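Residue numbers (the numbering used here), protein chains in the order written: chain X, 3 to 151; chain B, 110 to 450; chain D, 4 to 269. Idealized CB from N, CA, C, for every residue including glycine. Note that the structure is a prediction, hence the values are computed from the model and not measured. One structure below.
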Amino acid sequence: MAEFEPKIVAFVCNWCTYAGADLTGTSRIKYASNVRILRFPCTGRIDYMLLLKAFDEGADGIIVSGCHPNDCHYTSGNFHARRRWIMFRSLCDFTGIDTRRIKFSWVSAAEGAKWADIVNTTVASIRELGPYTEYKIVANNPVKEVSHG
Amino acid sequence: MNIDKRLVRKDSLEKLFDILKQNSKTIYAPFSKNSKVSFREADSFSGITTDYIQTTQSSKEVAFPRNEKILNYSKDKEGMKVKGIDLNDIPEVVLWGVRPCDTMGIGELSAIFNWDYKDEIYNNRLSRVTVFGFSCSKSDDYCFCTSVGGNPGNTQGSDILFTQLGENGDYLAEILTDKGSSIVSISSALFEKTENIEKEKFLAEVPARFEREEIRGKLEKFFDSQLWVEQSLKCIGCGACAYVCPTCACFDIQDEAHGKSGSRVRCWDSCGFSTFTLHTSGHNPREVQSQRWRQRIMHKFLIMPDRLSVYGCTGCGRCSRACPVDMNILEHLISIQEVSL
Amino acid sequence: MDDLRKRAKELLETSAVKVVIGYEQGTANKTRALFVEKAEDADCLIFDSRCVQNLATYVTKREVKDKGKMAITATLPVMRSIIQLASEFQVNDNNLLVLGITPESKLVEFKNLSEVETFVHQYQIEIDAKNKEMLDKIAKMTQAERWKFWIDELSPCFKCYACRAACPMCYCHRCTVDFNQPQWIPVPSHELGNLEWHIMRAIHLTGRCIDCDACYNACPLAIPINLLTKRMLEDVKINFGSYQPSIKADHLMSTYKPDDKENFIQ
């Protein structure tokens with residue numbers, strides 16, 4: 003069997019983390035290629051349902067990242083996001099979703115090295131956890147060919 | 110008509126269960142969970158409950174599952190590929206412990222699924238179901254089967270109808286169909302020959318409460334009645350009544366796609382939902398709850414008898430039991446009957 | 004509850020309100036909602052310990068609201084719901100009068116919603132011991148056990164949406180689950196569809212749910228979905244201080260504090 007390559011989806015804000023990831027590249031820092039970056043205007047725009055959709059579509063891990071507190075391009079988008087993450091993460095935990103697979107971080111436009119580190123450590127930890135089979139079983143073939151009762 | 114009547118000892122039921130299992134039958138039987146009794150696949154005889162007036166949900170899921178794949182599709186360079194479901198995968202099922210109001214409901218549901226288009230999947234499922242009806246020895250205030258053409262010992266829809274002869278007693282088994290006979294043939298020792306036993310005195314008493322023909326006649330002139338508004342004011346528009354109903358057959362078609370492949374799924378829907386009739390334009394022909402409630406009653410007591418020659422209600426009373434706001438269908442039907450036009 | 008009937012009668016006779024929402028004797032020893040529009044019908048109003056349905060769900064129902072000014076028989080959970088609804092601009096002093104029933108079953112009439120708020124704030128929202136025990140039990144499970152627990156518990160759900168319909172806070176004309184562009188939640192009531200629906204429901208109620216158990220009481224399959232909202236309520240308390248619905252306060256999930264604490268963002 004081929005070695006497991008984690009699929010990671012990163013939800014990042016346009017102004018800080020996306021620019022930070024760009025800097026990682028222009029600084030020629032190498033990092034794991036397992037991550038698919040989705041750019042959002044702001045972390046405040048990242049609906050928690052999107053994270054569940056990522057798991058539905060087969061993600062093994064998720065990164066959510068935006069501007070450091072007080073650095074939001076729209077002043078408070080990341081503060082709003084932080085509240086939602088606190089509650090959403092707790093609800094995920096309560097329903098048995100593996101919260102080790104959702105990494106939250108603040109990465110500024112100047113932190114190219116930090117972005118590489120976040121991605122690398124996330125990929126390493128997901129590699130260790132293995133594919134998110136529990137969720138995939140539920141998501142992949144949800145209607146049984148013949149269901150009853 | 111001469112019905113083949115046999116005696117089945119109380120202790121023989123478990124043996125019967127085991128024989129069915131040995132013959133690769135999938136058995137669905139009532140189990141209790143969270144104080145609600147529902148049908149589910151039975152791995153062993155122990156745990157099957159007999160202490161219920163009626164199960165929370167009907168047994169219709171055996172032929173009409175709440176979510177059902179009807180086809181799979183995939184897209185590649187050569188185009189779209191569509192594959193129907195393999196009907197051979199449908200198991201042989203014994204439905205154990207169904208009340209006569211549910212067995213009667215099978216006929217009504219079948220009338221809908223064979224009205225103009227013959228629903229192949231439904232019919233295939235149903236053709237592999239053997240129905241073990243169990244007569245009622247108890248009833249409650251919600252029951253009204255006798256008002257809608259049924260009774261607590263009604264044989265309609267059962268392949269074998271079991272009637273317990275007194276509390277903790279043995280069972281009278283009425284073998285009603287070929288499917289029933291084939292069960293007897295694989296377990297004949299358990300079905301003892303018997304003298305004529307009268308089951309009537311062991312049945313629950315369910316008094317008749319209304320005349321459905323009279324209600325049907327009234328409904329023809331009742332479309333604009335204020336009564337619908339009054340009755341439905343407390344209705345909160347959920348789908349509980351439709352989902353527990355043995356004859357509600359409305360469904361929604363959904364495509365569940367993952368990338369370039371997916372499946373088409375039929376899932377239950379309910380006329381109680383505000384979005385049920387919502388058009389893409391934004392127009393909704395049933396804008397308010399009274400119109401939806403009217404539809405529910407009209408469909409069961411006027412439209413179905415007109416078009417399908419069967420009524421859409423078996424008097425099981427489930428909708429009233431399940432309703433979170435005590436919309437009691439029996440009470441509402443009686444008040445329709447009492448209205449003078 | 005003679006004083007309730009008397010007061011309802013007066014309100015209708017003087018046209019102070021157009022409809023009084025209360026409870027009546029239902030079928031099979033249940034109680035149910037009654038909408039009194041004529042003074043002479045007020046005698047059907049009852050109140051006793053069986054009256055637990057959260058009537059606040061009706062004050063946003065179009066057919067009821069359209070009748071004109073409403074008076075509502077309101078137990079403590081109903082009053083809390085009304086205050087939350089007021090903070091979300093769904094009710095106000097012009098369209099709703101509250102006939103409060105205290106936890107001691109005494110009738111108390113409020114001149115306006117801010118008096119209701121003052122009354123409500125005397126009582127903390129406390130999760131009962133049995134449910135608390137259940138929450139603790141679930142919290143102590145491993146992640147995999149919790150996953151199995153919820154997949155199993157939610158699997159009977161056939162998405163009748165009685166929980167949504169019974170909830171006073173679920174008044175949206177079009178719920179997220181009813182949207183299909185995009186289709187946020189799978190429509191079928193399979194494991195994934197049920198899980199996502201109940202997560203979505205709990206999140207949308209976070210900081211708004213006043214723990215009345217209407218969702219659980221309405222569920223025809225007795226699925227303990229109220230545990231999800233209870234857990235959210237506990238977390239709101241832990242993370243953002245005690246929770247009380249307040250007319251003027253910002254909604255907890257649409258505001259923030261610069262010093263909100265968390266321990267998981269890297």
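Residue i - DSSP class collapsed to helix/strand/coil
{"i": "X:Ile39", "result": "strand"}
{"i": "D:Lys264", "result": "coil"}
{"i": "D:Pro185", "result": "coil"}
{"i": "D:Gln93", "result": "coil"}
{"i": "X:Asn80", "result": "helix"}
{"i": "B:Phe385", "result": "coil"}
{"i": "B:Ser390", "result": "coil"}
{"i": "B:Asn143", "result": "coil"}
{"i": "D:Phe38", "result": "strand"}
{"i": "D:Met235", "result": "helix"}
{"i": "B:Phe154", "result": "coil"}
{"i": "X:Ser149", "result": "Note that X:Ser149 scores a pLDDT of 47, beneath 50, so its modelled location is shaky and nothing firm can be said."}
{"i": "D:Asn229", "result": "helix"}
{"i": "D:Gly29", "result": "coil"}
{"i": "X:Phe13", "result": "strand"}
{"i": "B:Cys357", "result": "coil"}
{"i": "B:Asn277", "result": "coil"}
{"i": "D:Met4", "result": "coil"}
{"i": "B:Tyr161", "result": "coil"}
Contact under 8 Å by Cβ, residue i with residue j
{"i": "D:Asp138", "j": "D:Glu27", "result": "Here the sequence assigns Leu to residue 138 of chain D, which means Asp is not the residue at that position. No, the pair does not count as a contact, with Cβ atoms beyond the cut-off."}
{"i": "D:Ile128", "j": "D:Ile24", "result": "no"}
{"i": "D:Val119", "j": "D:Ile85", "result": "yes"}
{"i": "B:Leu439", "j": "B:Pro355", "result": "no"}
{"i": "B:Asn115", "j": "B:Phe300", "result": "Asn is not the amino acid found at residue 115 of chain B; the sequence shown has Arg there. In this structure, B:Phe300 lies closer than 8 Å to B:Arg115 by Cβ."}
{"i": "B:Val146", "j": "B:Phe271", "result": "no"}
{"i": "B:Leu336", "j": "B:Phe410", "result": "no"}
{"i": "B:Cys344", "j": "B:Gln398", "result": "yes"}
{"i": "B:Ile179", "j": "B:Arg427", "result": "no"}
{"i": "B:Phe253", "j": "B:Gly424", "result": "yes"}
{"i": "B:Glu283", "j": "B:Ile295", "result": "no"}
{"i": "D:Ala74", "j": "D:Ala169", "result": "no"}
{"i": "D:Glu66", "j": "B:Leu204", "result": "no"}
{"i": "B:Glu201", "j": "B:Ser133", "result": "yes"}
{"i": "X:Arg91", "j": "X:Ile128", "result": "no"}
{"i": "X:Asn16", "j": "X:Arg38", "result": "no"}
{"i": "B:Glu309", "j": "B:Gly262", "result": "yes"}
Which listed residue (the options) has its alpha carbon closest to that of residue i
{"i": "X:Thr26", "options": "X:Ala126, X:Thr135, X:Phe106 and X:Ala112", "result": "X:Ala112"}
{"i": "X:Thr19", "options": "X:Phe57, X:Val121, X:Arg102 and X:Leu93", "result": "X:Val121"}
{"i": "B:Arg446", "options": "B:Phe385, B:Phe319, B:Met436 and B:Asp333", "result": "The identity of residue 446 of chain B in the sequence shown is Gln, whereas the question assumes Arg. Answer by Cα proximity: B:Phe319."}
{"i": "D:Cys54", "options": "D:Pro106, D:Ala89, D:Glu66 and D:Leu88", "result": "D:Pro106"}
{"i": "D:Cys166", "options": "D:Val81, D:Leu224 and D:Leu15", "result": "D:Leu224"}
{"i": "D:Asn220", "options": "D:His207, D:Asn57 and D:Phe161", "result": "D:Asn57"}
{"i": "B:Cys245", "options": "B:Leu312, B:Pro433 and B:Ala349", "result": "B:Leu312"}
{"i": "B:Leu196", "options": "B:Asn233, B:Val353, B:Phe360 and B:Ser183", "result": "B:Asn233"}
{"i": "X:Ala141", "options": "D:Glu199, D:Ala42 and D:Lys33", "result": "D:Glu199"}
{"i": "X:Cys44", "options": "X:Phe90, X:Ala83 and X:Arg30", "result": "X:Ala83"}
{"i": "D:Val81", "options": "D:Leu231, D:Asp262 and D:Met172", "result": "D:Met172"}
{"i": "D:Thr121", "options": "D:Gly244, D:Leu79 and D:Asn98", "result": "D:Leu79"}
{"i": "B:Met208", "options": "B:Arg149, B:Thr159 and B:Leu235", "result": "Per the sequence presented here, residue 208 of chain B reads as Arg, with Met not at that position. It is B:Thr159 whose Cα lies nearest to the Cα of B:Arg208."}
{"i": "D:Ile202", "options": "D:Ile228, D:Cys218 and D:Phe182", "result": "D:Ile228"}
{"i": "D:Thr34", "options": "D:Leu100, D:Glu40, D:Asp51 and D:Ala252", "result": "D:Asp51"}
{"i": "D:Lys70", "options": "B:Val315, B:Glu339, B:Thr255 and B:Gly242", "result": "B:Glu339"}
{"i": "B:Ile199", "options": "B:Ala172, B:Glu123, B:Phe126 and B:Trp402", "result": "B:Ala172"}
{"i": "D:Tyr259", "options": "X:Ile99, X:Val125, X:Asp100 and X:Pro71", "result": "X:Pro71"}
{"i": "X:Ile99", "options": "D:Thr145, D:His207, D:Cys215 and D:Leu15", "result": "D:Thr145"}
{"i": "B:Ile306", "options": "B:Glu314, B:Asp287, B:Asp279 and B:Ala317", "result": "B:Asp279"}
Contact belief for residue i with residue j at Cβ below 8 Å, rounded distance in angstroms
{"i": "D:Ala205", "j": "X:Leu54", "result": "Not confirmed; about 12 Å, so no contact."}
{"i": "B:Asp435", "j": "D:Thr30", "result": "6 Å"}
{"i": "X:Ala56", "j": "X:Ile48", "result": "With 8 Å as the limit, X:Ala56 and X:Ile48 do not qualify as a contact, their Cβ atoms being about 11 Å apart."}
{"i": "B:Cys376", "j": "B:Asn176", "result": "5 Å"}
{"i": "X:Glu136", "j": "D:Trp153", "result": "Contact doesn't hold; Cβ gap of about 11 Å is too wide."}
{"i": "B:Asp361", "j": "D:Val180", "result": "At roughly 12 Å, the Cβ-Cβ gap does not stay under 8 Å, so B:Asp361 and D:Val180 are not in contact."}
Which ranges would you report for the beta strand (DSSP E) in the segment 187 to 249 of chain B if only whole runs of at least 3 residues count? For the segment 187 to 249 of chain B, the full-length beta strand (DSSP E) segments reaching 3 residues or more read 188 to 193, 202 to 207 and 238 to 243 along the chain.
Just to confirm the assignment: which complete alpha helix (DSSP H) runs, minimum length 4, are found wholly within the segment 165 to 224 of chain D? Segments of the alpha helix (DSSP H) lying fully in the segment 165 to 224 of chain D: 165 to 169, 194 to 208 and 217 to 221.
Length-filtered (3 minimum) beta strand (DSSP E) runs lying within the segment 86 to 149 of chain X: List check, beta strand (DSSP E) in window: 104 to 108.
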